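Novice: The listed protein sequences correspond, in order, to chains A and B. With the numbering used here applied, the first sequence corresponds to residues 23 to 254, in that order. With the numbering used here applied, the second sequence corresponds to residues 23 to 254, in that order.
Number of protein chains: 2
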Amino acid sequence: MATNDEKNNLVNLAYVALKRDITEGVYRPGDKLLMRGLKERYEIGSGPMREALSRLVSEHLVTAISQRGFRVASMSIEELTDLYFARAHLEAMITELAVKLGDESWEAGVIASTHTLSKVAQLTSAEDMLGLWDARHKAFHLAIAQGCGSAKLLELRLTMLDQVERYRQLWLRHTVFSADALEAKREEHRQLVEVLLSRDHVKARDMMFEHMTGPVSIISEIIEARDLACQA
Amino acid sequence: MATNDEKNNLVNLAYVALKRDITEGVYRPGDKLLMRGLKERYEIGSGPMREALSRLVSEHLVTAISQRGFRVASMSIEELTDLYFARAHLEAMITELAVKLGDESWEAGVIASTHTLSKVAQLTSAEDMLGLWDARHKAFHLAIAQGCGSAKLLELRLTMLDQVERYRQLWLRHTVFSADALEAKREEHRQLVEVLLSRDHVKARDMMFEHMTGPVSIISEIIEARDLACQA
DNA sequence: TTTTTTAAAAATATCTACATTTTTGGTTTT
DNA sequence: AAAACCAAAAATGTAGATATTTTTAAAAAA
Numbered sequence: 023m024a025t026n027d028e029k030n031n032l033v034n035l036a037y038v039a040l041k042r043d044i045t046e047g048v049y050r051p052g053d054k055l056l057m058r059g060l061k062e063r064y065e066i067g068s069g070p071m072r073e074a075l076s077r078l079v080s081e082h083l084v085t086a087i088s089q090r091g092f093r094v095a096s097m098s099i100e101e102l103t104d105l106y107f108a109r110a111h112l113e114a115m116i117t118e119l120a121v122k123l124g125d126e127s128w129e130a131g132v133i134a135s136t137h138t139l140s141k142v143a144q145l146t147s148a149e150d151m152l153g154l155w156d157a158r159h160k161a162f163h164l165a166i167a168q169g170c171g172s173a174k175l176l177e178l179r180l181t182m183l184d185q186v187e188r189y190r191q192l193w194l195r196h197t198v199f200s201a202d203a204l205e206a207k208r209e210e211h212r213q214l215v216e217v218l219l220s221r222d223h224v225k226a227r228d229m230m231f232e233h234m235t236g237p238v239s240i241i242s243e244i245i246e247a248r249d250l251a252c253q254a
Numbered sequence: 023m024a025t026n027d028e029k030n031n032l033v034n035l036a037y038v039a040l041k042r043d044i045t046e047g048v049y050r051p052g053d054k055l056l057m058r059g060l061k062e063r064y065e066i067g068s069g070p071m072r073e074a075l076s077r078l079v080s081e082h083l084v085t086a087i088s089q090r091g092f093r094v095a096s097m098s099i100e101e102l103t104d105l106y107f108a109r110a111h112l113e114a115m116i117t118e119l120a121v122k123l124g125d126e127s128w129e130a131g132v133i134a135s136t137h138t139l140s141k142v143a144q145l146t147s148a149e150d151m152l153g154l155w156d157a158r159h160k161a162f163h164l165a166i167a168q169g170c171g172s173a174k175l176l177e178l179r180l181t182m183l184d185q186v187e188r189y190r191q192l193w194l195r196h197t198v199f200s201a202d203a204l205e206a207k208r209e210e211h212r213q214l215v216e217v218l219l220s221r222d223h224v225k226a227r228d229m230m231f232e233h234m235t236g237p238v239s240i241i242s243e244i245i246e247a248r249d250l251a252c253q254a
C-alpha cells in the first residue's frame with residue numbers, strides 16, 4: 023500500500039525483464055523470439071507479451087515483421103558508427119547548452135557526481151564494481167546534461183542511451199577491467215569538468231564530442247573479434 | 023497481391039487511424055480513451071487495440087496510467103516551448119552537418135524540392151491546397167536534413183516531428199491561409215537555400231534555428247485564445 | 001444542514017484461453 | 001531441378017473471465 027511503483031502490471035514486468043535479458047546478452051542479436059518460449063520464461067499470455075515486445079520495437083532493441091514474429095535487433099559496425107556519431111553530436115550540443123545555461127546548482131551537481139564517481143574502489147566482486155562504476159558514470163554524464171534545461175532534449179538523450187546500451191556494455195568491460203583505461207578516463211573526466219566550469223562552451227562542446235566518439239574504435243575491434251570467433 | 027505494404031495487420035491499421043484521429047483533433051488533448059469506444063470505432067479487440075495505444079504512448083501522443091487506461095496527451099504552452107526549443111536545436115545541428123557534408127545530389131535534392139514547393143497554387147479546395155503545401159514543405163525540410171548523412175539523426179528528427187505535429191497543425195492553418203504569412207515563409211526559404219548553397223554552415227545553422235522557433239509565438243497565441251474560448 | 005465515511009454496484013482495465021490465419025519446411029509430383 | 005502440395009509450427013486475433021478503479025448513494029459525524 024506504500025512502496026509500490028506507479029506501473030506494476032504484467033506488461034511492464036515482462037518489458038523490463040526482456041529488456042535486461044537482451045542488453046545482458048541472454049538473447050543474442052538476430053535471435054528469433056518465439057512466443058512459446060517468451061510466454062514460459064516470463065509467465066505471461068501472448069497479448070501482454072506482444073505489448074512488451076512492441077515497446078522494445080519502438081526502442082529499436084527488437085525488430086518485427088508482420089506475421090513473422092519478432093527478433094532481437096542485429097548489431098553491426100555500421101550501426102555502431104552511426105549511433106555513436108549521432109549520440110556524440112547530440113551530447114555535444116546538450117553540453118554546449120549546459121555550459122551556456124547551467125546555474126549554480128548545476129555546477130554543484132557536476133562537482134558532486136564527479137567526486138562520487140572518483141570514489142569507486144575495488145570492494146566486493148569485480149562484477150559489483152563494474153555495476154557501481156557504470157551507475158555513477160551514467161549519473162555523472164546525466165548531471166552534466168541536466169544543465170541544458172530542456173526535458174525534451176534529455177528525453178532524446180535517453181532514447182540514444184537505450185539504443186547504444188548493448189554496444190556500451192562491450193566498452194564498459196574493456197575499460198573498467200583495465201587499470202590504464204580507467205585512469206585515462208578519469209583524467210578525461212577531470213579535464214572535461216575543468217572546461218565545463220570555466221564556461222568555455224566551444225571547447226566543452228568539442229571535448230564532449232571527442233569523449234563520446236573515443237570508444238568506437240575499441241568496440242569495433244571487439245565486435246570484429248567476436249564475429250570471427252562465431253564463424254570458427 | 024501487388025500493391026500491399028509490408029505491415030497490414032489490424033494493430034497497424036488501428037495505430038495509423040488513431041494517430042490521425044488524434045493529430046486531426048477527433049480526440050482532443052486530455053480526452054479519456056475508453057476501450058469500449060475504441061474497439062467499436064476501429065473494429066478490433068482489446069489486445070491489438072492496447073498494442074496500438076502502447077505505440078502511441080512511446081511517441082508521447084497518448085499517456086497511460088496502469089489500471090486506469092489511456093488518455094490523449096495534453097497540450098500546453100510549456101510543452102510547446104520546450105518541444106520547439108529542442109527541435110530547433112536538433113534541426114539546426116543537422117543543418118550544419120548537411121552544409122558541411124552534403125554532396126552534389128544533396129544540392130540537387132534541395133533545389134528540386136524548393137522548386138516543387140514554390141509551385142503550389144490554389145487549385146481545387148483550400149483544404150487540398152493546405153495538404154499539398156504541407157506535404158511539399160515537409161519534403162523540402164527533409165531534403166535539407168538528409169545531407170547530414172546519419173540515419174539515426176534523421177530518425178531522431180522524425181520523432182520530434184511526430185511530437186510537434188499537433189502544435190504544427192495550428193501554425194499551418196494560420197500560415198497557409200494568410201497570403202502575407204505565406205509570402206514571408208517563401209522569402210525565408212529562399213534566403214535559407216541561398217545560405218545553404220553558399221556552404222556557410224554557421225549562418226545556415228543560425229538561420230535554421232530562427233526558422234524553427236518563429237512559429238512558437240503564433241502558436242502560443244492560438245492556444246491561449248482556444249483555452250479562453252473553452253472556459254467561456 | 002453540510003461534510004465525511006463507507007459499502008455496494010457499475011464501469012473499466014487487464015489478462016488468459018482458445019480459435020483463426022499465415023508461414024515454414026519437408027514431401028511429392030511434374 | 002522446379003513447382004505444387006501438405007502438415008506442423010507460429011503469429012495474430014476474439015471472447016470472455018478476473019481484478020481494479022470509479023461512481024453512487026446511503027449512513028454517520030460535524
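Note that beta-carbon positions come from the ideal geometry of N, C-alpha and C, so glycine has one too. Treat the numbers as computed from the prediction; the structure is a model and nothing was measured.
Beta-carbon of A110 (chain A) versus every beta-carbon of chain B: anything under 7 Å?
Specialist: Chain B, which has no Cβ nearer than 7 Å to the Cβ of A110 (chain A), makes this no.
Novice: Please return the same chain residues whose Cβ sits closer than 6 Å to the Cβ of L83 (chain A), not counting the five positions on each side in sequence.
Specialist: Result list for L83 (chain A): I44 and A95, in chain order.
Novice: Anything in the stretch 69–88 of chain A with a Cβ closer than 7 Å to a Cβ of chain B? List those residues in chain order, please.
Specialist: Residues G69, R72, E73, S76, R77, S80 and S88.
Novice: For the alpha helix (DSSP H) that contains S116 (chain A), what are its first and last residues?
Specialist: Checking the displayed sequence, the identity of residue 116 (chain A) turns out to be Ile instead of Ser. Counting along the chain, the alpha helix (DSSP H) containing I116 (chain A) begins and ends at I99 to L123.
Novice: Which one of B:D53, B:D125 and B:I244 has the shortest CA to CA distance from G169 (chain B)?
Specialist: Minimum Cα distance to G169 (chain B) is reached at B:D125.
Novice: Classify T146 (chain A): buried if its beta carbon has 16 or more other beta carbons within 10 angstroms, exposed otherwise.
Specialist: So T146 (chain A) counts as exposed.
Novice: For chain B, is any of its Cβ atoms less than 7 Å away from the one on A39 (chain A)?
Specialist: No, its Cβ sits nowhere closer than 7 Å to a Cβ of chain B.
Novice: Would a check of beta-carbon distances place F107 (chain B) closer than 7 Å to chain A?
Specialist: So, interface residue.
Novice: Run through DSSP, which three-state label would K54 (chain B) get?
Specialist: Strand, per DSSP.
Novice: Can you name the residues of chain B whose CB is closer than 8 Å to the CB of D104 (chain A)?
Specialist: Here the neighbours are S172, A173 and K174.
Novice: Measuring straight from C-alpha to C-alpha, what distance separates D156 (chain B) and V238 (chain B)?
Specialist: The alpha-carbon atoms of D156 (chain B) and V238 (chain B) are separated by roughly 18 Å.
Novice: Are M234 (chain A) and A110 (chain A) close, meaning C-beta to C-beta below 7 Å?
Specialist: Against a cut-off of 7 Å, the Cβ pair of A110 (chain A) and M234 (chain A) comes out as a contact.
Novice: If you measure between the beta carbons of W193 (chain B) and I240 (chain B), is that distance less than 7 Å?
Specialist: Result yes, Cβ atoms of W193 (chain B) and I240 (chain B) sit closer than 7 Å.
Novice: R93 (chain A) and T85 (chain A) look like a contact to me (Cβ under 8 Å); what is the Cβ gap, rounded to whole Å?
Specialist: Contact holds; Cβ gap of about 5 Å.
Novice: Do we get a CB-CB distance below 7 Å when we pair A251 (chain A) with the residues of chain B?
Specialist: Not an interface residue.
Novice: Return the CA-CA distance between F231 (chain B) and A226 (chain A), expressed in angstroms with no decimal places.
Specialist: C-alpha separation (whole angstroms): 21 Å.
Novice: When DSSP labels each residue in this structure, what does L47 (chain B) get in the three-state scheme?
Specialist: For the sequence presented, residue 47 (chain B) should be read as Gly rather than Leu. Here G47 (chain B) sits in coil by DSSP.
Novice: Tell me which residue opens and which closes the alpha helix (DSSP H) that L93 (chain B) is part of.
Specialist: Reading off the sequence shown, one finds Arg at residue 93 (chain B), where the question assumed Leu. Segment G91 to V94 is the beta strand (DSSP E) holding R93 (chain B); no alpha helix (DSSP H) there.
Novice: Can you find a CB in chain A that lies within less than 7 Å of the CB of M229 (chain B)?
Specialist: Output row for M229 (chain B): interface = no.
Novice: When you compare only the Cα positions, how much space is there between R58 (chain A) and S68 (chain B)?
Specialist: Cα to Cα, the separation comes out at about 21 Å.
Novice: What's the gap between the Cα of G236 (chain A) and the Cα of A167 (chain A)?
Specialist: Each residue's alpha carbon lies about 19 Å from the other.
Novice: Would DSSP call A157 (chain A) helix, strand or coil?
Specialist: Helix.
Novice: Assuming A74 (chain B) contacts A108 (chain B) (C-beta within less than 8 Å), just tell me the rounded distance between them.
Specialist: Not confirmed; about 26 Å, so no contact.
Novice: Would you mind stating whether F162 (chain B) and S127 (chain B) have Cβ atoms separated by less than 7 Å?
Specialist: Not closer than 7 Å, so no.
Novice: Using 8 Å for Cβ pairs, my map puts V132 (chain A) next to H223 (chain A). What's the rounded Cβ distance?
Specialist: Wrong, their Cβ atoms sit about 14 Å apart, outside the cutoff.
Novice: In whole angstroms, what is the alpha-carbon distance linking L117 (chain A) and K61 (chain B)?
Specialist: Sequence check: residue 117 (chain A) is Thr here, not Leu. Distance between the alpha carbons of T117 (chain A) and K61 (chain B): 46 Å.
Novice: For A143 (chain A), which three-state DSSP category applies?
Specialist: Correct three-state label for A143 (chain A): coil.
Novice: If contacts are defined as beta-carbon pairs under 8 Å, then S80 (chain A) and N30 (chain B) qualify, I think. What distance do you get, rounded to the angstrom?
Specialist: At roughly 19 Å, the Cβ-Cβ gap does not stay under 8 Å, so S80 (chain A) and N30 (chain B) are not in contact.
Novice: So, is the C-beta of M97 (chain A) closer than 7 Å to a C-beta in chain B?
Specialist: Not closer than 7 Å to any Cβ of chain B, the Cβ of M97 (chain A) fails to qualify, so no.
Novice: So with Cβ pairs under 7 Å, would you call L178 (chain B) a contact of chain A?
Specialist: True, the Cβ-Cβ gap to chain A drops below 7 Å.
Novice: Are any of the Cβ atoms in chain A nearer than 7 Å to that of M115 (chain B)?
Specialist: Answer yes: the Cβ-Cβ gap between M115 (chain B) and chain A drops below 7 Å somewhere.
Novice: The beta strand (DSSP E) with I87 (chain B) in it runs from where to where?
Specialist: V84 to I87 is the extent of the beta strand (DSSP E) around I87 (chain B).
Novice: Roughly how many angstroms lie between the CA atoms of D184 (chain B) and E205 (chain A), to the nearest whole one?
Specialist: Each residue's alpha carbon lies about 43 Å from the other.
Novice: Can you tell me whether DSSP reads R248 (chain B) as helix, strand or coil?
Specialist: In this structure, R248 (chain B) counts as helix in the three-state DSSP scheme.
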